[in-house]
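Asks: Heads up: the sequence shown runs through residues 23 to 257, numbered per the working numbering.
A virtual CB, placed ideally from N, CA and C, is assigned to each residue, including glycine.
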Amino acid sequence: MSQGVPGSPPPKFLQEALGASASSPQSFGYCPADGEPLLRKALEEEIKSIYGSDSDVTVNDIALTTGCNLAFFATIMSLADAGDEVILPVPWYTALDCLQICPPRPFQIALAPLLPRMRLFIRETAEAIHVRHQLFRQVLPPRWKIGAQGGYFAFVRHPFKGVASLDVCKRLATELGVVTLPSAFFCKAYELTGQATWDKSRWVRFSVANVNNDKVKEICKRLAESELVFGWELD
23 MSQGVPGSPP PKFLQEALGA SASSPQSFGY CPADGEPLLR KALEEEIKSI
73 YGSDSDVTVN DIALTTGCNL AFFATIMSLA DAGDEVILPV PWYTALDCLQ
123 ICPPRPFQIA LAPLLPRMRL FIRETAEAIH VRHQLFRQVL PPRWKIGAQG
173 GYFAFVRHPF KGVASLDVCK RLATELGVVT LPSAFFCKAY ELTGQATWDK
223 SRWVRFSVAN VNNDKVKEIC KRLAESELVF GWELD
């Protein structure tokens, strides 16, 4: 439960379109920095099909990025100047290292005419992820506290007093076969300065979206087992 990659491939028709687009001469060369006009226009039409034809959105309001992390990066680079303070909610994690802001051109060209056909797949995928998050909340041992949950991930506060999340994750992986990411992967550890300070050392990130329901139940069963076998003091 460490990686936030989707657990299922896109529909067959999109896979076939990607293959055709990747081999098309049209796909070679640079695309506009804000994305292919055809896909941006298709997104405008998709937005208006959901929110109404009178929605105040045009192609000029839409820019394409390689996932949400690069959207965050582009937003901050556009709005903030050197020395500005940016306030983030916690728990949080840093943007992953990526090579480009705009997504690859073949994907944009392939997707542009297919957005209406993607609606069912997107809805079913979102519903499945929502159900899995609900299940995770239901079967997570009571001492493990969810601090933030959404999309592919859940940030969970482990119940072991005075133990860094890195040490918890090491034992979960080596002794119980549960692979997760500690908060130290995303932010620097620091000493507590008071009860109101968020204790970064106690948080673990679980990827909920890319495992099936049986595995979610098994993972939570092993988390409960860790409370018995690790020998650490509990909250």
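Flag this pair as touching only if the segment 146-164 and the segment 229-237 have three or more C-beta atom pairs under 8 Å; answer yes or no.
Replies: yes
Asks: How many angstroms separate the CA atom of S77 from the CA atom of S229?
Replies: By 1-based counting over the sequence shown, the position of residue 77 is 55. By 1-based counting over the sequence shown, the position of residue 229 is 207. C-alpha separation (whole angstroms): 35 Å.
Asks: According to DSSP, is I69 helix, strand or coil?
Replies: What you label residue 69 is simply residue 47 of the sequence shown in a count that begins at 1. Three-state result, I69: helix.
Asks: Identify which residue in M140, W254 and S43 has its Cα closest to the Cα of A186.
Replies: Working through the sequence shown from its first residue, we reach residue 186 at position 164. Ranking M140, W254 and S43 by Cα distance to A186 puts W254 first.
Asks: Rounded to a whole number of angstroms, what is the C-alpha to C-alpha distance between F182 and D257?
Replies: Locating residue 182 in the sequence shown gives position 160, where the first residue counts as 1. Locating residue 257 in the sequence shown gives position 235, where the first residue counts as 1. C-alpha separation (whole angstroms): 6 Å.
Asks: Are S43 and A176 close, meaning C-beta to C-beta below 8 Å?
Replies: Taking the first residue of the sequence shown as 1, we reach residue 43 at position 21. Taking the first residue of the sequence shown as 1, we reach residue 176 at position 154. Between S43 and A176, the C-beta gap is not smaller than 8 Å, which leaves the two residues out of contact.
Asks: Looking only at its own chain, which residues have a Cβ that is under 8 Å from the Cβ of P31, when we skip the five neighbours before and after it?
Replies: The sequence position of residue 31 within the sequence shown is 9, counting from 1. Closer than 8 Å at the Cβ level, and outside the excluded window around P31, lie Q37.
Asks: Which residues bound the alpha helix (DSSP H) around K192?
Replies: Position 170 of the sequence shown, counted from the start, is the residue given in the question as residue 192. Unbroken alpha helix (DSSP H) run through K192: S187 to L198.
Asks: On the DSSP letters alone, give me the boundaries of the alpha helix (DSSP H) that G89 sits inside.
Replies: As a first step, residue 89 must be located in the sequence shown, where it is residue number 67. Segment G89 to L101, the alpha helix (DSSP H) holding G89.
Asks: Would you list the residues sitting across from L203 in a DSSP beta bridge?
Replies: Translated into positions along the sequence shown, residue 203 becomes position 181. In DSSP, L203 forms a bridge with R227.
Asks: On the premise that A64 lies in contact with C124, defined as a C-beta separation below 8 Å, what is that separation, rounded to the nearest angstrom?
Replies: The sequence position of residue 124 within the sequence shown is 102, counting from 1. The sequence position of residue 64 within the sequence shown is 42, counting from 1. Rounded, the Cβ-Cβ distance is 16 Å, inconsistent with contact.
Asks: Answer yes or no: do C53 and R165 have a C-beta to C-beta separation smaller than 8 Å?
Replies: As a working note, residue 53 is residue 31 in the sequence shown. As a working note, residue 165 is residue 143 in the sequence shown. Result no, Cβ atoms of C53 and R165 do not sit closer than 8 Å.
Asks: Have a look at the DSSP bridge pairing and note the partners of L256.
Replies: Position 234 of the sequence shown holds residue 256. Partner(s): F182.
Asks: In the DSSP output, what is E171 paired with across the bridge?
Replies: Position 149 of the sequence shown holds residue 171. A quick correction: the sequence has Gln, not Glu, at residue 171. Answer is A176, bridged to Q171.
Asks: Runs of 4 residues minimum, wholly inside the segment 124-164: which ones carry the alpha helix (DSSP H) assignment?
Replies: 127-133 and 137-161
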